[in-house]
Amino acid sequence: MQNLLFITTSSLAANPRLVKEFASLKAYYRCYVICFRHEDWSLHLSDNIKALHTDVQFIEIDRKKTLLKTILAKIKHKFSIVINPLFKTNYKVCAYASNDKAPQLVSYVNKLKRKHQFYKVIAHNLGAFYPAFKIAKHQKIGLQLDIEDFYPGEALYFNKALEKDNRHLIMQQSFNNAIAITYASKGIEKQCNTLYSIQPGIKQLTVINAFESRDFNKPRVHKSKTIKCVWFSQHIGPNRGLEQVFEAAKKHPEFQFHLIGNQNQDYLSGKTISSNIKFHDIMPQSELHKMLSTMDIGLALERKDADLNRDICLTNKFLAYAQAGLYILATNTFGQRDFLKALNYLAGEIIMDSLSQSLAQLNTKHLSYENRLHRWQQAKSFSWQNEEIKLLKLLE
Numbered sequence: 136m137q138n139l140l141f142i143t144t145s146s147l148a149a150n151p152r153l154v155k156e157f158a159s160l161k162a163y164y165r166c167y168v169i170c171f172r173h174e175d176w177s178l179h180l181s182d183n184i185k186a187l188h189t190d191v192q193f194i195e196i197d198r199k200k201t202l203l204k205t206i207l208a209k210i211k212h213k214f215s216i217v218i219n220p221l222f223k224t225n226y227k228v229c230a231y232a233s234n235d236k237a238p239q240l241v242s243y244v245n246k247l248k249r250k251h252q253f254y255k256v257i258a259h260n261l262g263a264f265y266p267a268f269k270i271a272k273h274q275k276i277g278l279q280l281d282i283e284d285f286y287p288g289e290a291l292y293f294n295k296a297l298e299k300d301n302r303h304l305i306m307q308q309s310f311n312n313a314i315a316i317t318y319a320s321k322g323i324e325k326q327c328n329t330l331y332s333i334q335p336g337i338k339q340l341t342v343i344n345a346f347e348s349r350d351f352n353k354p355r356v357h358k359s360k361t362i363k364c365v366w367f368s369q370h371i372g373p374n375r376g377l378e379q380v381f382e383a384a385k386k387h388p389e390f391q392f393h394l395i396g397n398q399n400q401d402y403l404s405g406k407t408i409s410s411n412i413k414f415h416d417i418m419p420q421s422e423l424h425k426m427l428s429t430m431d432i433g434l435a436l437e438r439k440d441a442d443l444n445r446d447i448c449l450t451n452k453f454l455a456y457a458q459a460g461l462y463i464l465a466t467n468t469f470g471q472r473d474f475l476k477a478l479n480y481l482a483g484e485i486i487m488d489s490l491s492q493s494l495a496q497l498n499t500k501h502l503s504y505e506n507r508l509h510r511w512q513q514a515k516s517f518s519w520q521n522e523e524i525k526l527l528k529l530l531e
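Throughout, our numbering is defined as the position within the sequence shown, counted from one, plus 135.
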């Protein structure tokens, strides 16, 4: 069995796409995963993932336990930012300036490459691209990139004068050295092919972030007449479109609004929370998917004005709603609009004005048991069972 290496800058629970990939591929390859251990909401969930996949080799970096290495990586990051204006086209400098985990990943990759020979390396997240390139070059193996988000289109938080250019350079240099690229949405694939030079021989595929169809219970007839709307994310906080929910809850007491995620109390303390808004702590994926099956409407409230990535991406929540059979109310982003339009059945509608108005004008026939069952059955056509076949063929 050949060795396959995955590299990410995130924790396992914060990267469900990565987890789905190695879960699918471990039957065919001996999988190694370099990731990070974060002492936050993801800690317990990440431990559960490791317990479920004991046949996968996890190299989990605990930045507190490897404090000296972490400090050294941060020093390299800061120094790279300082010299960045002089080395705007240097792949290594731009990668280190862009992410302080990149130097730390390179040190782990350098150790690992002396112990194991890999068949291919798959990089998740922009900060993992340069470390993956390093081991691919050293071992003369194929580099596969997963573009879950359009990284240059995301918000900038530091080194603002150069960080966007750094991200573009990392993307182009990584594409120059890749043999295969997967994208999480058609919008992201289109944007990358418009902006970057990608050699004709490179394999490119859109592999959407769907889940296994068996994760979602068959819809049941709801005993309660209350219409339940649901929204979930890692965090319940600003810049997520939740202001629309708070406003709609005031105007529509006949609806319930269930919000799932870690609550940002500073954010929520400044809001008027109606009694028909229910909060739920973040939960394991299996529990979340079961809970979705008890809801009626899935709220996909991405803000296209937040950044370019929000406009063209296709989120986990959107696909989970669809696979659970919920009727989706989605903001007018390219990613969500394009996906709904491509389906051969009615999975939801675009919010043209406001969530409150969409709820007021909602045709409740869309929420019937028969329609929920139909949507649940139709969504099996884009389940992970189908998407993973693409991934397997790509690695052949």
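For every residue, glycine included, the Cβ atom is placed at its ideal position computed from N, Cα and C.
Smallest Cα separation from residue i: which of the options?
| i | options | result |
| --- | --- | --- |
| Leu508 | Leu481, Ser493, Gly288, Gln520 | Leu481 |
| Val356 | Leu178, Ser503, Ile412 | Ser503 |
| Met127 | Glu505, Asn374, Ser428, His259 | Nothing about residue 127 can be read from this structure; the chain reaches only from 136 to 531. |
| Lys353 | Glu522, Lys161, Gly460 | Gly460 |
| Leu377 | Phe474, Ser421, Ser215, Ile408 | Ile408 |
| Phe414 | Lys425, Gln391, Glu522, Glu422 | Gln391 |
| Asn411 | Cys364, Ile314, Ile486 | Cys364 |
| Leu434 | Phe381, Ala148, Lys199 | Phe381 |
| His303 | Glu522, Ile314, Ser233 | Ser233 |
| Ile417 | Leu153, Asp488, Lys269, His179 | His179 |
| Asn374 | Ile206, Arg172, Tyr402, Glu347 | Tyr402 |
| Lys295 | Asp440, Asn219, Asn311, Lys269 | Asn219 |
| Phe474 | Gln379, Phe517, Ser491, Leu497 | Phe517 |
| Cys229 | Asn150, Arg165, Tyr265 | Tyr265 |
| Lys199 | Tyr231, Lys236, Leu530, Lys211 | Lys236 |
| Leu423 | Lys452, Asn479, Tyr462 | Lys452 |
| Asn311 | Leu280, Phe157, Val191, Ser489 | Leu280 |
| His501 | Leu478, Lys525, Tyr462 | Tyr462 |
| Glu522 | Phe293, Thr317, Thr189 | Thr317 |
| Glu389 | Val217, Ala267, His188, Ser491 | Ser491 |
| Asn301 | Ser181, Leu497, Leu153, His212 | His212 |
| Gln274 | Leu526, Gln513, Asn138 | Asn138 |
| Gln379 | Val217, Ser489, Asn498 | Ser489 |
For residue i, list the residues DSSP reports as bridge partners.
| i | result |
| --- | --- |
| Thr143 | DSSP lists no partner for Thr143. |
| Gln513 | BP columns for Gln513 are empty, so no partner. |
| Arg165 | Asn138 |
| Asn397 | His370 |
| Glu522 | Glu522 is not bridged to any residue. |
| Ile196 | Phe171 |
| Val365 | His393, Gly433 |
| Tyr265 | The partner list for Tyr265 (beta bridge, DSSP) is empty, contrary to what the question assumes. |
| Val256 | Leu140, Leu278 |
| Leu532 | Outside the displayed range of the chain (136 to 531) lies residue 532, so it cannot be described from this structure. |
| Ile412 | Phe392 |
| Ile486 | Thr466 |
Check whether the Cβ atoms of residue i and residue j sit closer than 8 Å, and answer yes or no.
| i | j | result |
| --- | --- | --- |
| Glu324 | Gln339 | yes |
| Trp519 | Lys155 | yes |
| Phe351 | Gln458 | yes |
| Ser159 | Lys204 | no |
| Cys327 | Ile282 | yes |
| Leu202 | Tyr167 | no |
| Ile337 | Ala315 | yes |
| Phe346 | Leu454 | yes |
| Ile184 | Ala148 | yes |
| Ile196 | Arg172 | yes |
| Thr466 | Lys439 | yes |
Thinking residue i and residue j are a contact (beta carbons under 8 Å), I'd like their distance in whole angstroms, please.
| i | j | result |
| --- | --- | --- |
| Ala208 | Gln239 | 4 Å |
| Ala263 | Thr144 | 5 Å |
| Ser320 | Cys448 | 6 Å |
| Glu484 | Leu464 | 6 Å |
| Leu278 | Ile194 | Between Ile194 and Leu278 the Cβ distance is about 18 Å, and since that is not below 8 Å, they are no contact. |
| Ser215 | Ser177 | Between Ser177 and Ser215 the Cβ distance is about 27 Å, and since that is not below 8 Å, they are no contact. |
| Ile362 | Asp431 | 5 Å |
| Pro151 | Gln420 | 6 Å |
| Ser348 | Lys515 | 5 Å |
| Ile169 | Ile142 | 5 Å |
| Phe469 | Gly322 | 5 Å |
Taking 7 Å as the cut-off, is the C-beta of residue i nearer than that to any heavy atom in the ligand COA?
| i | result |
| --- | --- |
| Lys299 | Ligands displayed in this structure: none; no statement on the ligand COA is therefore possible. |
Check your understanding: Touch check for the segment 245–253 and the segment 218–226: three-plus C-beta pairs under 8 Å?
Key -> no
Check your understanding: Taking three-plus beta-carbon pairs below 8 Å as touching, is the segment 434–448 in contact with the segment 286–294?
Key -> yes
Check your understanding: Any chance the segment 368–387 sits against the segment 396–411, with 3 or more Cβ pairs inside 8 Å?
Key -> yes
Point to revise | the segment 373–387 touching the segment 404–420, judged by at least three CB pairs closer than 8 Å | key: yes
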